[in-house]
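Student: Just dropping this structure here.
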Amino acid sequence: MPEIKRDIIGLSPPAAPQEICVLGGGQLGAMLCEAARRMGYTTLCISPEAADPAAQWADRHISADPGDPLLVRDAARHSAAIAVEAESINPASLVPGGFCGTLSPGADVQRIVRDRRLEKTFLAENGLAVGPFRLAENADELTAAATELLQISGRVVAKTARGGYDGRGQVWLESIHDAPQAWRTLGQVPVVVEAAVDFAAEISVIVARNNRGEKSVFPVFQNEHRNGILFQTQMPAPQPLEVVSQAQSLAMETAEMLAVVGLLTVEMFVLKDGRVWINELAARPHNSGHVTLRAASRSQFEMHICAIMGLPLPPVDVLAPAVMTNLLGDLWSRGEPNWGAVLADGRATIHLYGKAPRPGRKMGHMIHTGETLEAAQAAGLKAFNNLAAA
Ligand code: AMP
170 MPEIKRDIIG
180 LSPPAAPQEI
190 CVLGGGQLGA
200 MLCEAARRMG
210 YTTLCISPEA
220 ADPAAQWADR
230 HISADPGDPL
240 LVRDAARHSA
250 AIAVEAESIN
260 PASLVPGGFC
270 GTLSPGADVQ
280 RIVRDRRLEK
290 TFLAENGLAV
300 GPFRLAENAD
310 ELTAAATELL
320 QISGRVVAKT
330 ARGGYDGRGQ
340 VWLESIHDAP
350 QAWRTLGQVP
360 VVVEAAVDFA
370 AEISVIVARN
380 NRGEKSVFPV
390 FQNEHRNGIL
400 FQTQMPAPQP
410 LEVVSQAQSL
420 AMETAEMLAV
430 VGLLTVEMFV
440 LKDGRVWINE
450 LAARPHNSGH
460 VTLRAASRSQ
470 FEMHICAIMG
480 LPLPPVDVLA
490 PAVMTNLLGD
500 LWSRGEPNWG
510 AVLADGRATI
520 HLYGKAPRPG
530 RKMGHMIHTG
540 ETLEAAQAAG
550 LKAFNNLAAA
């Protein structure tokens, strides 16, 4: 395990910089590489294409399948840590022989978080609050699960056990008669079936945990989704103190039970009576955490690196109330969006990931800070509406 050499930022790098290997080439990996370099580490990215966002930010890039065990074993031989940014990677390929650095997330955690069946079962068995759910392996089991859960809520959602994200791999059912079609639509694969949660808000909590079991929890974020994709994140979440402390405790407890090293993101529903239920886990940085890049004393990417490199995990403060707005490829339908209109506001920043635009694709995000959360929210919404109308 690397020694603790220095505080987080600003001190001169060690004579022989330690290397962090990032498996996967998306924007999360790109922002991780950016933070790693500022903190004095070098980075190696393994991803399919040289044009991938993380490939553009890494010191070294290998164009290959980041789930290839032999390649990872060889490439990561000299790395102090391996950070997996793609949930799709098969955990069986994640244990390079003789590797004694940190693997984040570890194979056991990765196995659980990439399969909704294992994830929900893990949470329920450990007494961590989740909504009512059932598992179904065939059309009859889906019908039986829907029959039971429709008695709790007027609608249920079936989600593929693997591979779904941003609302994909999900079908809503309003009657048991919808079950056979839902089974076919989802590709006749194992599913998790959930009762619809009549939530008051959606929030997420990010916890950093290092290999000594030290933890630091971020302020709670409040998320608004549109068409199943994150639209905006507010920090700090406008929730009562009881909800905030309940959510942070639940996230810390989950991170401890999983023994995560790195970041754990816990997506949650806030019920109308103030209770909090876990919806989903991600053992890595998260889209909602991008708001920390400009508005918190440490970004989620810096904290991820601190956690995997065994550095101290300081408390994180909100520097200013802020709102992050995702920029999807739809905004490019008539060419490059008019950024001037956004940047005329001195408190707005734009982050672009260097990807080719496609409808629904996450191309970048904006962050607006404000004197108050309401002011930041109004500025973010106005900027988004201007871009969408241009
Ligand atoms: P997920 O991929 O599980 O994060 O779901 C994407 C979005 O669908 C969530 O952020 C919610 O807005 C909605 N959703 C998912 N599951 C449920 C549920 N059981 N009840 C109500 N809304 C849900």
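Going by this note's numbering, the first residue of the sequence shown is number 170, and it counts up by one from there. Backbone N, C-alpha and C fix where the C-beta goes; we use that ideal spot for every residue, glycine too. Since the structure is predicted, the reported quantities are computational estimates derived from the model, not experimental observations.
#1: Starting from W226 and walking both ways along the alpha helix (DSSP H), at which residues does that stretch end?
#2: Return the chain-ordered ranges of every alpha helix (DSSP H) run that is complete within the region 298-363 and spans a minimum of 4 residues.
#3: Output the boundary residues of the alpha helix (DSSP H) element that contains R207.
#4: State yes or no: is the C-beta of H394 nearer than 6 Å to some heavy atom of the ligand AMP?
#5: Less than 6 Å between the CB of V366 and some heavy atom of the ligand AMP, yes or no?
#6: Distance check for G356 and V278, CA to CA, integer angstroms please.
#7: By the DSSP assignment, the alpha helix (DSSP H) with N131 in it spans what residues?
#8: Would A476 be called buried (16 or more neighbouring beta carbons within 10 Å of its own) or exposed?
#9: Exposed or buried, which one is L462 when buried takes at least 16 other CB atoms within 10 Å?
#10: Would you kindly work out how many angstroms separate the C-alpha atoms of R331 and A513, rounded to a whole number?
#11: So if DSSP puts Q403 in a beta bridge, which residue, or which two residues, is it bridged to?
#12: Quick one: using the 10 Å Cβ neighbour count with 16 as the cut-off for buried, is H346 buried or exposed?
#13: Can you tell which of D442, I447, M493 and K531 has the C-alpha that lies nearest to the C-alpha of S457?
#14: Would you tell me roughly how many angstroms separate the C-alpha atoms of A276 and D284, rounded to the nearest one?
#15: What's the C-alpha gap between G300 and M437?
#16: Label S466 either buried or exposed according to how many other C-beta atoms from any shown protein chain fall within 10 Å of its C-beta, with 16 as the threshold for buried.
#17: Measuring straight from C-alpha to C-alpha, what distance separates L201 and G195?
#18: If you scan the region 219-294 from start to end, which runs of the alpha helix (DSSP H) of 4 or more residues do you find wholly inside it?
#19: Check whether the region 291-309 and the region 369-377 touch, using three or more Cβ-Cβ pairs below 8 Å as the test.
#20: Taking the beta carbon of G338 as the centre, do at least 16 other beta carbons fall within 10 Å, making it buried, or is it exposed?
#21: Measure the C-alpha to C-alpha separation of V511 and E294 and round it to an integer number of angstroms.
#22: Should F302 and E363 be called a contact, given that it needs their Cβ atoms to be closer than 7 Å?
#23: Run the CB neighbour count on L342, radius 10 Å, all protein chains shown included, and call it buried at 16 or more, exposed below.
#24: Taking Cβ to Cβ, would you say L213 is nearer than 7 Å to R229?
#25: Whole-angstrom Cβ separation of D499 and G529, contact assumed at under 8 Å?
#26: Roughly how many whole angstroms lie between the Cα atoms of A369 and K441?
#27: Please go through the same chain and pick out, in chain order, the residues whose beta-carbon is closer than 7 Å to the beta-carbon of T354, but skip the five residues on each side of it.
#28: Please check the pair L319 and V361, which I expect to be a contact at CB under 8 Å, by giving their CB distance rounded to whole angstroms.
#29: By how many angstroms is the C-alpha of G509 removed from the C-alpha of N555?
Tutor: Quick answer:
#1: P222 to W226
#2: 308-318 and 348-354
#3: Q196 to R207
#4: Indeed, a heavy atom of the ligand AMP lies less than 6 Å from the Cβ.
#5: yes
#6: 26 Å
#7: Given that the chain is displayed from residue 170 to residue 559, the structure contains no residue 131 and the question cannot be resolved.
#8: Within 10 angstroms of the beta-carbon of A476 lie 16 or more other beta-carbons, which makes it buried.
#9: L462 counts as buried, since no fewer than 16 other beta carbons sit within 10 angstroms of its beta carbon.
#10: 43 Å
#11: Q391 and V492
#12: exposed
#13: M493
#14: 13 Å
#15: 10 Å
#16: exposed
#17: 10 Å
#18: 222-226, 238-244, 276-282 and 285-294
#19: The region 291-309 vs the region 369-377: no contact.
#20: buried
#21: 47 Å
#22: yes
#23: buried
#24: Their beta carbons are under 7 Å apart, which means L213 touches R229 by this criterion.
#25: About 7 Å separates the two Cβ atoms, so the contact holds.
#26: In a straight line, the C-alpha of A369 is about 5 Å away from that of K441.
#27: Cβ-Cβ distances below 7 Å link T354 to V340 in the same chain, with the five nearest sequence neighbours on each side left out; the list follows chain order.
#28: At roughly 16 Å, the Cβ-Cβ gap does not stay under 8 Å, so L319 and V361 are not in contact.
#29: The C-alpha of N555 lies about 11 Å from the C-alpha of G509.
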